[in-house]
Amino acid sequence: MSTSHKNRYHSSTYHYQGKSSSIVKLQSNTTHHYRRQHHYISPLEQLDKLTRSVLNDLIDYALHIKSYTIDTEDQLNKPPKPSDPVLIQIQFIYENDPSIILLIEVFHLSPENSFTFNKIKKLCKIIFSPDHIVNCWGDPEKELEKFLRFKLFDNNDIDFIIPKNTQDIFKD
10 MSTSHKNRYH
20 SSTYHYQGKS
30 SSIVKLQSNT
40 THHYRRQHHY
50 ISPLEQLDKL
60 TRSVLNDLID
70 YALHIKSYTI
80 DTEDQLNKPP
90 KPSDPVLIQI
100 QFIYENDPSI
110 ILLIEVFHLS
120 PENSFTFNKI
130 KKLCKIIFSP
140 DHIVNCWGDP
150 EKELEKFLRF
160 KLFDNNDIDF
170 IIPKNTQDIF
180 KD
């Protein structure tokens, strides 16, 4: 790896919070070749400013990753109303470098016809591609099913992943 490449991709943490209020935590120390150069920006400077270049970088990075860990969170409501799915956490698992953690707050997504929404949807389609391993504490397909109404992915996407329920490791 060239010196200039190492300097451009030194290990740093980047924080972005986009217009959609989706938060992305990116740690980069990769050997992948990207078209764009990353610069550290304070998290407070990035409120509501998820840029096209960041979304494109995440999509480019996701094209090289085959294993992910997901976790989802729900917002509790007063009974008898069921809880609402609110957050999808996705970790890009890269063997030799730090991971990227993507947090998608689904009630704060941009409108479906927006550039940002469509880029996030494209990113989810790549992550939940056929033969990608998706680790989860519980059944990944069941966890993701709650989020289908937000139209970031569909049943076909999650039907083709290789689900890994890490709870099974701890069962007798």
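Sequence positions in the sequence shown follow the numbering used here and run 10 to 181. Even glycine gets a Cβ: it sits at the ideal position worked out from N, Cα and C.
Go ahead and label residue i buried or exposed: buried means 16 or more other beta carbons lie within 10 angstroms of its beta carbon, across all protein chains shown.
i, result
"residue 72", "exposed"
"residue 116", "exposed"
"residue 111", "buried"
"residue 109", "buried"
"residue 169", "exposed"
"residue 101", "buried"
"residue 85", "exposed"
"residue 156", "buried"
"residue 91", "exposed"
"residue 128", "buried"
"residue 94", "buried"
If you draw a straight line from the alpha carbon of residue i to that of residue j, how long is it in whole angstroms?
i, j, result
"residue 75", "residue 130", "17 angstroms"
"residue 167", "residue 146", "16 angstroms"
"residue 122", "residue 159", "13 angstroms"
"residue 180", "residue 143", "19 angstroms"
"residue 69", "residue 89", "43 angstroms"
"residue 124", "residue 98", "21 angstroms"
"residue 164", "residue 106", "31 angstroms"
"residue 177", "residue 171", "15 angstroms"
Going by DSSP, what residues sit across from residue i in a beta bridge?
i, result
"residue 94", "83"
"residue 100", "78 and 110"
I need the boundaries of the beta strand (DSSP E) containing residue i, first residue and last residue.
i, result
"residue 144", "142-145"
"residue 149", "That residue, residue 149, is in no beta strand (DSSP E); its alpha helix (DSSP H) goes 149-154."
"residue 64", "That residue, residue 64, is in no beta strand (DSSP E); its alpha helix (DSSP H) goes 61-71."
"residue 114", "109-114"
"residue 171", "171-174"
With residue i as the anchor, note down where its alpha helix (DSSP H) starts and where it stops.
i, result
"residue 132", "124-136"
"residue 164", "164-168"
Sufficient close CB pairs (3 or more, under 8 angstroms) joining the region 60-70 to the region 127-143:
With the cut-off at 8 angstroms, the region 60-70 and the region 127-143 touch.
Is the region 149-162 touching the region 77-92 in the sense that three or more CB pairs, one from each, lie closer than 8 angstroms? Taking a cut-off of 8 angstroms for Cβ pairs, the region 77-92 and the region 149-162 touch, as three or more such pairs fall below it.
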